[in-house]
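Asker: Counting along the sequence shown from 1, when you hit position 231 you're at 231 in UniProt numbering, and nothing is skipped either side. Even for Gly, the Cβ is constructed at its ideal location relative to N, Cα and C. This is the structure I have questions about; it appears just below.
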Amino acid sequence: MASTVTSRRKQLGNELRHARLAAKMTQQQVADVLGCTQGKVNKIESGAVGVKLGDVRTMLEAFGVNGDESEALMSLARASAGQRGAWSGYRSVVPHWFRTFTDLEPAAVEIMTWHGERIPGPLQSEHYMLKQFTEFGATDVTSLVRNRLDRKAVFDQPQPPYYRFIISEAALHRAPGGRAPAVMLDQIEHLLELDRRQRVYIHVLPFGARLAAVPNDFTIMRFPDRTRDFVYIEHSAGGIYLDDQKDFQLFVDAWDRLRGAAMERQDTRQFLKEMAEKYRVAMGA
């Protein structure tokens, strides 16, 4: 399974949190030992910031962790202290709040995502991307497209995550910038091609699905190690990462309801083929 500095840092934070709780210490008590704020300790445990090796050793001593367990955590601390992947050149256009997501995407064991009005990034065809970024008025469309294409490498890993997509029927009608049969035909043909890949599952939620309401877009990420599972929610000003267990379960339940109302894979394939034919007819009109 792929491993990144971000995923290792989150794993270290989780291990330190478990050790603190086992030692029956509060975050404030740890902060007093380190000579920092309680907020800094909370960020270390959540993996939001890196931590000095000396501080890790001090924390382990305070927790009474020694021997092989201490050495294992120090090794993890050294690995998590590596430099984050370069965010320079064409990669610099990725917003800071989205970089954690893209760092962790290859390390996940399962990703479950719901999108109501647009095609999610990993599933977008290049034609759809170009139209979307152009309509946004982006100044560096080429870099944005290259970054989005880079994300598709997650599908080509030796052991890719199980990537499960639920897409509203609305996303298959709403082309970037308005009516664009050629763009949507290209996009739907691309979806049909991706659906043949290992561990990629695409389900359409039809307009007639029996649901009380549909939620805003969200993505659930699960990990094979002790990296905390989380939910990612994007909005106009940035992105939110939720890893509280109660919040996480609320979104898992929401995804399960959507999945229960969505089409099965075979029905989705047939639906996509029929939509593709409609767009072909529209292009010839």
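Residue 119 by DSSP, collapsed to three states: which one?
Answerer: coil
Asker: What is the residue span of the alpha helix (DSSP H) that residue 251 lies within?
Answerer: Per DSSP, residue 251 is one residue of the alpha helix (DSSP H) stretching across 245–261.
Asker: For the structure I just gave you, are there three or more beta carbon pairs, one from the stretch 186–204 and one from the stretch 220–235, closer than 8 Å?
Answerer: Output reads no: the stretch 220–235 does not touch the stretch 186–204.
Asker: Using the three-state DSSP reduction, which class does residue 89 fall into: helix, strand or coil?
Answerer: In this structure, residue 89 counts as helix in the three-state DSSP scheme.
Asker: What is the DSSP secondary structure of residue 164, counted as helix, strand or coil?
Answerer: strand
Asker: If you run the structure through DSSP and keep just helix, strand and coil, what is residue 190?
Answerer: helix
Asker: Which residue marks the beginning of the beta strand (DSSP E) containing residue 231, and which one marks its end?
Answerer: 230–235
Asker: Return the first residue and the last residue of the beta strand (DSSP E) that residue 200 is part of.
Answerer: 200–205
Asker: Hey, would you say residue 283 sits closer than 8 Å to residue 181, going by beta carbons?
Answerer: yes
Asker: Mind checking which residues open and close the alpha helix (DSSP H) that includes residue 197?
Answerer: Premise fails: residue 197 is in no alpha helix (DSSP H) and is neither H nor E.
Asker: What does a CB cutoff of less than 6 Å around residue 101 pick up in its chain, not counting 5 residues either side in sequence?
Answerer: 232
Asker: Nearest to residue 147 by CA position, among 121, 158 and 58, is which residue?
Answerer: 121
Asker: Quick check on the burial criterion: 16 or more other C-beta atoms within 10 angstroms. Buried or exposed for residue 166?
Answerer: buried
Asker: In chain order, what residues of the same chain lie with their CB nearer than 7 Å to the CB of residue 2, ignoring the 5 residues before and after it?
Answerer: At residue 2 the pLDDT is 46, less than 50, meaning the model places this residue with poor confidence and gives no usable figure here.
Asker: According to the neighbour-count rule (16 or more other Cβ atoms, all chains shown, within 10 Å of its Cβ), is residue 72 buried or exposed?
Answerer: exposed
Asker: Residue range of the alpha helix (DSSP H) that residue 67 falls in?
Answerer: 67–80
Asker: Can you tell which of 137, 41, 129 and 161 has its C-alpha closest to the C-alpha of residue 149?
Answerer: 129
Asker: Can you tell me which of the three DSSP states residue 2 falls into?
Answerer: For residue 2, the predicted structure reports a pLDDT of 46, less than 50, and the residue's modelled location is therefore unreliable. The matter cannot be settled from this model.
Asker: If we call anything under 8 Å between Cβ atoms a contact, is residue 14 one with residue 227?
Answerer: yes
Asker: How far does the beta strand (DSSP E) with residue 218 in it extend, from its first residue to its last?
Answerer: From DSSP, the beta strand (DSSP E) with residue 218 extends over 218–222.
Asker: Considering only the beta carbon of each residue, do residue 299 and residue 30 sit closer than 8 Å?
Answerer: The question about residue 299 has no answer, for the chain in this structure spans 1 to 285.
Asker: DSSP three-state call for residue 242: helix, strand or coil?
Answerer: strand
Asker: Tell me the DSSP secondary structure of residue 264 in three-state form.
Answerer: coil
Asker: Apply the 10 Å Cβ neighbour rule to residue 39 and answer buried if 16 or more other Cβ atoms are within range, or exposed otherwise.
Answerer: exposed
Asker: In chain order, what residues of the same chain lie with their CB nearer than 6 Å to the CB of residue 209, ignoring the 5 residues before and after it?
Answerer: 261
Asker: Take the Cβ of residue 299 as the centre, count every other Cβ of all protein chains shown within 10 Å, and call the residue buried at 16 or more, exposed below.
Answerer: Absent from the model: residue 299. The displayed extent of the chain is 1 to 285, so no value can be given.
Asker: Whole angstroms are fine: how far does the CA of residue 113 sit from the CA of residue 144?
Answerer: 21 Å
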